[in-house]
Amino acid sequence: MRFTSLLLTLTLAIGSLSVQASYTLETVADDLNYPWSIAFLPEGDYLVAMRSGEVRRISAQGVISPALEGLPDSYVLSQGGYFDITLDPNFANNQRIYLSFAYGTPEQNGTRIVSGRLNGDRVENVTPIFTVAPLKDTAVHYGGKMLFLLDGTLVMTTGDGFEYREAAQDTFNLMGKIIRINSDGSIPADNPYASNGLGNAAVWSYGHRNPQGLVLDKATGRLYSHEHGAKGGDELNLVKPDTNYGWPAVTKGVNYSGAYVSPLRSAPGIEEPLTYWDPSIGASGLAIYDGAAFPNWQGKLFIGALVDEEVRMLTLSEGKVTDEQAMFSEIGARIRDVRTGPDGMLYLLTDSEQGKVIRVVPTSDPVNQATLSAATTIMQGQQP
Amino acid sequence: MIKTTYSFVGAVLAAYTLGATFVSQGNIASVVALGFEVSGAQRLDAAVHDLLNMTDIYLALVTVSLLIGLPAAFAVVRKKPHLRMLGYVLAGFVAMVTMPVIMKLVLGLSGIAPTRTIVGLLAQGIAGGVGGYLFCRLSAPSADR
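Quick note, the sequences are listed as chains A and B, same order. Using the working numbering, the first residue of the first sequence is number 139, and each one after it goes up by one. Using the working numbering, the first residue of the second sequence is number 162, and each one after it goes up by one.
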């Protein structure tokens, strides 16, 4: 495993508060060019998709492969590039992976999903299965987060393209939506507008701005997303089909000019966010911790913060956010993605030209202690 | 010089007030077009809010626009005094239309949302034109006022 050279121990003794198990931050891999998302392969390797337009395979030991071959070119500019990467629920048998990315040209671009078969450091039979329409001429607000629901369908967030924010309210337009498709790109028959003519058949929910976090609570089947507001107004939502989340007609944020996007902060028929952030934190990446390594974190939501350079840990109770705490600010980097790994550890991706994959492990875990003895990058902290 | 300065400040304030109001109502027009109701009180509240909260970026942009446009007009007006009114009004109009166009060309995005439409763009021009008109009136020699 490859670790770089830094040792930082944070000793926290806070009055009469009881001391709880502490965590350690391990750098699994670094020098990654704007890593955007991570997928965990069954044998312990990782696939990391980078906005720079490449996917690299990182071995369990931290060895970074050359860019995977066989994947399509991306429109890499501003916020455009490769976005999310995920494995087929039946990956063990079919080795299929799914990649969302910015496709097209400066004049005509949009978010596309391709699927292919992973074979070592190569992806074969790569096929586009879905492209957001209409294409646009801006290089921002692509959405691009995706995951498989328990029923095997694939959901993906799409952005409003910034210049086309009203499209988020148009159910026939795929911008500013969460869409739901089958793994081959076909449309599930039980989508809200699959057959009633009231919208595009792929639309699951609408009124989104630029959702950059998506997670499924496997215990309840609930789907959560968060999205970037304009100036203030980042919000966390419980995603339900055929539901309007308001953008741009109803929002807590304002334009960057300072003017209202809309004077409406709530309205009949508009789903209220579970919580929102004003000022914006630059929410990016979303995980529900369901590992065993940190019992105190079970069921909590972890949200990366690009602007605040930390992670927010949210406690949900009866559908409401009851607590929020800032974590991992000692990393001092924009956090692009947060995931729970199959090993029960929390994984963070930092957003820079020298981006990192960071693994959060409990220092009290003797197995990890053994691993850490070989590590050269260790940052220790204390969990709330 | 003092007269020119307060004339310019007056022009900027007029263009800002009118321009911000156009932005405010332009944004609301987009919301209404989506099928949402916005009451008169909400419109008024939005206008006041926007007027008070667009000072960071928009006021600076208006100031810079007129700081370029009005001196350019002055250079013409000095040689063609009979074009004084037209020159300043036109300069204000062009300056305020050019500002969002340049932003779009440079950033690829519209910093002032209503200027995505031709009506919203022309509304900014009108605000600039009013600013130019005010500058013309306030800076005019006493006998001409």
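Don't be surprised by glycine CBs; every beta carbon is placed ideally from N, CA and C. From a predicted model like this one, the values you see are computed outputs, not experimental measurements.
First and last residue of the uninterrupted beta strand (DSSP E) at residue i
| i | result |
| --- | --- |
| PHE268 (chain A) | 260-269 |
| GLY182 (chain A) | That residue, GLY182 (chain A), is in no beta strand (DSSP E); it is neither H nor E in DSSP. |
| PHE183 (chain B) | Careful: PHE183 (chain B) lies outside any beta strand (DSSP E), inside the alpha helix (DSSP H) at 163-194. |
| ALA202 (chain B) | Note, ALA202 (chain B): premise wrong, no beta strand (DSSP E); alpha helix (DSSP H) at 201-214. |
| ASP328 (chain A) | It is not in any beta strand (DSSP E) - ASP328 (chain A) carries neither H nor E in the DSSP assignment. |
| ILE426 (chain A) | 421-426 |
| GLY176 (chain A) | Contrary to the premise, residue 176 (chain A) reads as Ile rather than Gly in this sequence. Where ILE176 (chain A) is concerned, the enclosing beta strand (DSSP E) stretches over 173-178. |
| ILE251 (chain A) | 247-257 |
| ASP196 (chain A) | Note on residue identity: the sequence assigns Ile, not Asp, to residue 196 (chain A). It spans 192-196 - the beta strand (DSSP E) in which ILE196 (chain A) sits, taken as one unbroken run. |
| SER203 (chain A) | 202-205 |
| THR453 (chain A) | 448-455 |
| TYR485 (chain A) | 484-488 |
| ARG477 (chain A) | 473-478 |
Three-state secondary structure assigned by DSSP to residue i
| i | result |
| --- | --- |
| ALA230 (chain A) | helix |
| ASN320 (chain A) | coil |
| LEU244 (chain B) | helix |
| GLY493 (chain A) | strand |
| THR224 (chain A) | strand |
| PRO261 (chain B) | helix |
| GLY290 (chain B) | helix |
| ARG298 (chain B) | helix |
| VAL498 (chain A) | strand |
| ALA307 (chain A) | Residue identity check: residue 307 (chain A) is Gln in the sequence provided, not Ala. In this structure, GLN307 (chain A) counts as helix in the three-state DSSP scheme. |
| LEU163 (chain A) | strand |
| VAL267 (chain B) | helix |
| THR358 (chain A) | coil |
| SER303 (chain B) | helix |
| ILE273 (chain B) | coil |
| TYR398 (chain A) | strand |
| GLU468 (chain A) | helix |
| GLN463 (chain A) | strand |
| ILE279 (chain B) | helix |
| PRO411 (chain A) | coil |
Within chain B, the residues that residue i reaches when beta carbons sit closer than 7 angstroms
| i | result |
| --- | --- |
| GLN307 (chain A) | LEU195 |
| GLU304 (chain A) | SER191, LEU195 |
| THR276 (chain A) | GLY269, LEU270 |
| GLU301 (chain A) | LEU270, SER271, ARG277 |
| ALA240 (chain A) | Within 7 angstroms Cβ-Cβ: nothing; ALA240 (chain A) doesn't reach chain B, min ~14 angstroms. |
Residue closest to residue i, alpha-carbon to alpha-carbon, out of the options
| i | options | result |
| --- | --- | --- |
| SER238 (chain A) | A:ALA205, A:GLY282, A:ILE496 | A:GLY282 |
| LEU288 (chain A) | A:ARG360, A:ASN338, A:LEU336 | A:ARG360 |
| ILE196 (chain A) | A:LEU209, A:GLY208, A:PRO180 | A:PRO180 |
| LEU213 (chain B) | A:LEU412, A:VAL392, A:GLY437 | A:VAL392 |
| ALA305 (chain A) | A:PRO330, A:GLY345, A:GLY218, A:LEU424 | A:GLY345 |
| THR121 (chain A) | A:ASP275, A:SER321, A:GLY299 | Outside the modelled stretch of chain A, which goes from 139 to 522, sits residue 121 (chain A), for which no answer is possible. |
| TYR427 (chain A) | A:TYR394, A:LEU454, A:ILE408 | A:LEU454 |
| ASP211 (chain B) | B:ARG239, B:ASN188, B:GLY201, B:THR276 | B:ASN188 |
| VAL293 (chain A) | A:PRO330, A:ARG234, A:TRP342 | A:TRP342 |
| MET246 (chain B) | B:VAL170, B:PHE296, B:TYR167, B:ALA181 | B:PHE296 |
| VAL192 (chain B) | A:VAL193, A:GLU456, A:LEU402 | A:LEU402 |
| GLY437 (chain A) | A:THR413, A:GLY457, A:GLY396 | A:GLY457 |
| GLY208 (chain A) | A:ASN171, A:ASN228, A:LEU170, A:SER253 | A:SER253 |
| ILE317 (chain A) | A:ILE202, A:TYR280, A:ALA464, A:PRO210 | A:TYR280 |
| ARG194 (chain A) | A:GLY200, A:VAL201, A:VAL186 | A:VAL186 |
Exposure of residue i, with buried meaning 16 or more beta-carbon neighbours within 10 Å
| i | result |
| --- | --- |
| ASP226 (chain A) | buried |
| GLU245 (chain A) | exposed |
| ASN247 (chain A) | buried |
| ALA431 (chain A) | buried |
| LEU231 (chain B) | buried |
| LEU335 (chain A) | For the sequence presented, residue 335 (chain A) should be read as Gly rather than Leu. Per the 10 Å Cβ criterion, exposed. |
| VAL157 (chain A) | Reliability of the predicted coordinates at VAL157 (chain A) is poor, the pLDDT of 33 falling under 50, and the value obtained from them is presented with this limitation in mind. Label assigned to VAL157 (chain A): exposed. |
| ASN257 (chain A) | exposed |
| PRO302 (chain B) | exposed |
| LYS164 (chain B) | exposed |
| VAL166 (chain A) | buried |
| ASN434 (chain A) | exposed |
| LYS315 (chain A) | buried |
| GLY292 (chain B) | buried |
| HIS120 (chain B) | Lying before the first or after the last residue shown, residue 120 (chain B) is absent from chain B, which here runs from 162 to 306. |
Residue range of the unbroken alpha helix (DSSP H) whose run includes residue i
| i | result |
| --- | --- |
| HIS364 (chain A) | From DSSP, HIS364 (chain A) is part of no alpha helix (DSSP H) but of the beta strand (DSSP E) over 361-365. |
Contact set between residue i and chain A, taken where Cβ atoms lie within less than 9 angstroms
| i | result |
| --- | --- |
| LEU174 (chain B) | By Cβ distance, chain A contributes nothing, its closest Cβ being about 16 angstroms from LEU174 (chain B), past 9 angstroms. |
| SER226 (chain B) | The premise fails here: SER226 (chain B) is roughly 14 angstroms from chain A at the closest Cβ pair, so nothing lies under 9 angstroms. |
| ILE273 (chain B) | ASN393, SER395, ALA397 |
| VAL258 (chain B) | None at all; the shortest Cβ gap to chain A is about 16 angstroms. |
| VAL255 (chain B) | Result: empty, since nearest Cβ-Cβ is about 21 angstroms, beyond 9 angstroms. |
| VAL184 (chain B) | ASN393, SER395, ALA397 |
Under 8 angstroms from the C-beta of residue i: neighbouring residues of chain B
| i | result |
| --- | --- |
| GLY396 (chain A) | ASP211, ASN214, MET215, THR216, ASP217, ILE218, TYR219 |
| ALA425 (chain A) | Those do not exist, as ALA425 (chain A) stays about 30 angstroms from chain B at its closest Cβ, beyond 8 angstroms. |
Beta-carbon neighbours of residue i, restricted to chain A and to distances below 7 angstroms
| i | result |
| --- | --- |
| ALA207 (chain B) | TYR398, PRO401 |
Chain-ordered neighbours of residue i on chain A, where CB pairs are closer than 8 angstroms
| i | result |
| --- | --- |
| GLN203 (chain B) | PRO401, LEU402 |
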